[in-house]
Amino acid sequence: MSAGPVRPAEDDGRPVTSPAGEDRPACVLSGDARPVSGMQADPWHDLAAATPARIALGRSGGSLPTRQVLDFGLAHARARDAVHTPLDVAAVTKAIETLGLETLLIDSAAPDRPTYLRRPDQGRRLSAAGRAALTARAGAEIEPAPDIVFVVADGLSAAAIHANAAAMLAAFLPEARRRGWRVGPVVIARQARVALGDEVGEILGARLVVMLIGERPGLSSPDSLGLYLTFAPKRGRSDAERNCISNVRSGGLGFAEAAATLSFLAQGALRLGLTGVKLKDAGGDALPAPDASPVL
Amino acid sequence: MIRRHVAGGRSWVFADLKELMAKATPLRSGDLLAGIAAGSAEESVAARMCLAEVPLKAFLTEVLIPYETDEVTRLIIDSHDERAFSSIAHLTVGDFRDFLLSDAATPERLVAIARGVTPEMAAAVSKLMRNQDLILVARKCRVVTRFRNTIGLAGTMAVRLQPNHPTDDPLGIAASTVDGLLYGCGDAVIGLNPATDSVPGLTRLVHLLDEVIQRFEIPTQSCILTHVTTSIEMVERGAPVDLVFQSIAGTEKANASFGIDLAVLGEAQDAARSLGRGTVGDNVMYFETGQGSALSADAHFGVDQQTLEARAYAVARKFEPLLVNTVVGFIGPEYLYDGKQIIRAGLEDHFCGKLLGLPIGCDICYTNHAEADQDDMDTLLTLLGTAGVTFIIGVPGADDVMLNYQSTSFHDQLYVREALGLKRAPEFEAWLQRMEITDVAGRLKPQTARSSLLSLTRGMAA
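In order, the protein sequence lines correspond to chains P and E.
If you're matching positions, the first sequence starts at 1 in my numbering and goes up one per residue.
If you're matching positions, the second sequence starts at 297 in my numbering and goes up one per residue.
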């Protein structure tokens, strides 16, 4: 079995129904020398093209065939690794600086992954060192306050950042330049939840903070990136005051499309001076719902 | 009132019943997050010893959340049945456990006392019980509900067929539905979590599931899991709504965060009943709950999450639901950290629900950031099957591609039926046999591409 992507459409690991397979006995009695076979295919394999759900898996007795057990195990392993793999700060920093952007590394108040998972409140607050670093950087700021500050945060999937963060920024930067938006330093944040961006944006004096964060990994989407926009970020903002663009990844929402939606939302936010439910209401159905994804 | 207990040569003090309940709760991350868990393992056991001596009557006067400011408390106190309570009114929490495990607590007796048991009493006694106690007592509780079939009969377990699709694609939903039916699932409900929240989009989905049920004359019911007010709107517009769904919680404030109160749930029940779509009964509500929902809404008032979960069952009980589903591992590791905590919570929720007289099932599930895996789900499934769980969830391959979590699969329900000899709702079991999907023993028969159910999706693809 290959260790490639878990469920590509062209190799989904599902058994192909053999013409003889339907009528063959599921197993043979002991004493019979013929080779035994326990797997029964489902003769509606063609339906699998209609959904990413795991249908027509076949069965061994009533249980999952071996191949399916192993494929599921691989998908779960990838999702688990996405949660527990530390953010590769050097690689992410390099990729972002290559785009001509300044970076700043900070940590939340959660000191490690187990604490981060148990204490979402700590992931929403800056560490003392992180706050000091941001304050120092804000003090050195001589140009006008930035329109947009990006925070690149591990969230629940560092894999999402490794795969998508720099490409997402690269897709959006030309649009930011075209519209004359001042982009502040990109803050790379570890053990971070969405609300950490509020304090970051507040210290840096950003008009709008855009959090690029690893979403809760699904079995079929371990590297999904979420974008959260908050106007006038400050501690205590509620999730209803944000807008979210979800499921940015290869096989999900593409970078160009996400960049276009981000631009649309940012224009509305900077013009109306708000984000969240009211921005969605102002934009009608063209805008994504505010924070419809599971709580990060 | 302050309670003291001497244990291990030490005197322990608990400021009030709320603190005592929280500290007596088996350890879980949500109570730690809320800052209300016991400070040590010893304190937790001391709290349990102290709780064992609290009279059941105390829960009727020492309410955990004020009567004046919380309509769930008012519901619990105002609907308490003194006559049903009378035969257990003299017991302490510890005595109550002993009674529940005794031969005197027959299934008939447990039904007779159900309306005299408050959620807090159920939660309190559950804190003194080991997993085997939670299983044994729940197993004795009989709760039967009906809409187009009969759910909860002894020796049966139903399955909610959950054909979710990330974009609500009708063919994709139909494909998962057919897959599930051919695996013998769907007697509890064919219940879809929609991606859309638009009324026209949701109405199309209501029609889609209704057509599947009508066309193949399946003795089951459908449900689109959208907000209760949206379901009411669909009923008013004449959509063929079978069951009305709503997430509920154990405090008025947490329910407000869901955009609901008791009044609107009553309106929904009336609306669904007005359609008269049930053929063998009129249990029209489908509720979902889960430990931690009140804390995540900042509406827990210092009460432990398991007690709050039991309070949500008081809300459910008022509206005579067909199904109540505790979605036990969905909310994340900050509330239930690992397989051990998820398993314990699943057994507690099922026990409390059954003791209070609810048709309670369990979404045996976890997220990828919890310390849990399929082996933990197998364990909980086996335990809940043994405990007589009303229904479980069936998701293709245990992988919900819309909600991004893992639940139990169509295969998993076959496993537990085979291991424990559990049957489906009788009307549905008969239908499966008529359709040549199962044999008389309820085991799957080999299928061919000529199965009549497959004509459904062929028609849609054309």
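Just so it is clear, CB atoms sit at the ideal spot from N, CA and C, and this is done for glycine as well.
- Taking 8 Å as the upper bound on Cβ-Cβ separation, chain E lies near residues Arg59, Gly61, Gly62, Ser63, Leu64, Gln68 of the segment 58-70 of chain P.
- Cβ neighbours of Gly252 of chain P within its own chain (closer than 8 Å, five residues either side excluded): Ser221, Ser224.
- By the rule that beta-carbons nearer than 8 Å mark a contact, Gly218 of chain P touches chain E.
- Against chain E, the beta carbon of Ile55 of chain P has neighbours under 7 Å at Ala471, Ser472, Asp475, Pro692, listed in chain order.
- Look at Trp181 of chain P here: in three-state DSSP terms it is coil, with no helix or strand label.
- Within chain P, Arg118 have C-beta atoms less than 7 Å from the C-beta of Ser325 of chain E, given in sequence order.
- The Cβ of Thr753 of chain E sits closer than 8 Å to at least one Cβ of chain P.
- Proximity of the segment 144-152 of chain P to the segment 208-218 of chain P meets the contact definition, three or more beta-carbon pairs being nearer than 8 Å.
- Taking a C-beta distance under 8 Å as the contact criterion, Ile372 of chain E and Arg607 of chain E qualify as a contact pair.
- The contact set of Leu74 of chain P on chain E, defined by CB atoms closer than 7 Å, is empty, because the minimum CB distance reaches about 12 Å.
- Spatial neighbours of His665 of chain E in its own chain (CB-CB distance under 7 Å, excluding positions within 5 residues in sequence) are listed in chain order as Gly628, Pro629.
- Listed as beta-bridge partners of Ala189 of chain P by DSSP are P:Ile106, P:Ala153.
- Closer than 8 Å to the CB of Asp695 of chain E there is at least one CB belonging to chain P.
- Contact with chain P is absent for Asp672 of chain E, since none of that chain's Cβ atoms lies less than 8 Å from the residue's Cβ.
- Beyond the five residues adjoining it in sequence on each side, Gln565 of chain E comes within less than 8 Å, by CB distance, of Val540, Val580, Met581, Phe615, Glu616 in the same chain, given in chain order.
- For the segment 684-724 of chain E, the full-length beta strand (DSSP E) segments reaching 3 residues or more read 687-690 along the chain.
- The beta-bridge partner set that DSSP reports for Trp308 of chain E consists of E:His301.
- The alpha carbon of Met345 of chain E has as its nearest neighbour, out of E:Ile332, E:Lys319, E:Leu360, E:Asp366, the alpha carbon of E:Lys319.
- For Ala567 of chain E, the CB contacts under 6 Å within the same chain, skipping 5 residues up- and downstream, are Ile528, Val531 in chain order.
- The three-state reading of DSSP puts Met39 of chain P in strand, counting E and B together.
- The three-state secondary structure of Cys658 of chain E, taken from DSSP, is strand.
- In this structure the segment 465-475 of chain E touches the segment 47-56 of chain P; the number of beta carbon pairs closer than 8 Å is three or more.
- Rounded to the nearest angstrom, the gap between the Cα atoms of Arg713 of chain E and Leu750 of chain E is 25 Å.
- Per DSSP, Gly201 of chain P is one residue of the alpha helix (DSSP H) stretching across 196-204.
- Shown here for Phe355 of chain E: same chain residues with a beta carbon closer than 8 Å to its own, the five before and five after excluded, namely Leu313, Thr414, Glu416, Met417, Ala420 in chain order.
- Neighbours of His707 of chain E across chain P, judged by C-beta separation under 8 Å: Leu57, Arg59, Gly62, Ser63, Leu64.
- Excluding sequence positions up to five before and after Ile55 of chain P, its CB lies within less than 7 Å of the CB of Leu47, Ala48, all in the same chain and listed in chain order.
- Between Ile188 of chain P and Thr93 of chain P the beta-carbon gap is near 6 Å, inside 8 Å, which marks them as a contact.
- Here Gly562 of chain E is exposed: its Cβ has fewer than 16 other Cβ atoms, across all protein chains shown, within 10 Å.
- According to DSSP, Thr446 of chain E shares a beta bridge with E:Arg442.
- Among the CB atoms of chain P, one or more fall inside 8 Å of the CB of Thr663 of chain E.
- About 23 Å separates the beta carbons of Leu352 of chain E and Ile332 of chain E, which is beyond the 8 Å limit, so they are not a contact pair.
- Under the three-state reduction of DSSP output, Met425 of chain E falls in the coil class, being neither helix nor strand.
- Neighbours of Leu329 of chain E across chain P, judged by C-beta separation under 8 Å: Arg118, Arg119, Pro120, Asp121.
- Every alpha helix (DSSP H) stretch that sits fully inside the segment 552-594 of chain E and reaches 4 residues is listed by chain position as 558-570, 589-592.
- When 8 Å is used as the limit between beta carbons, Pro462 of chain E is near these residues of chain P: Pro52, in chain order.
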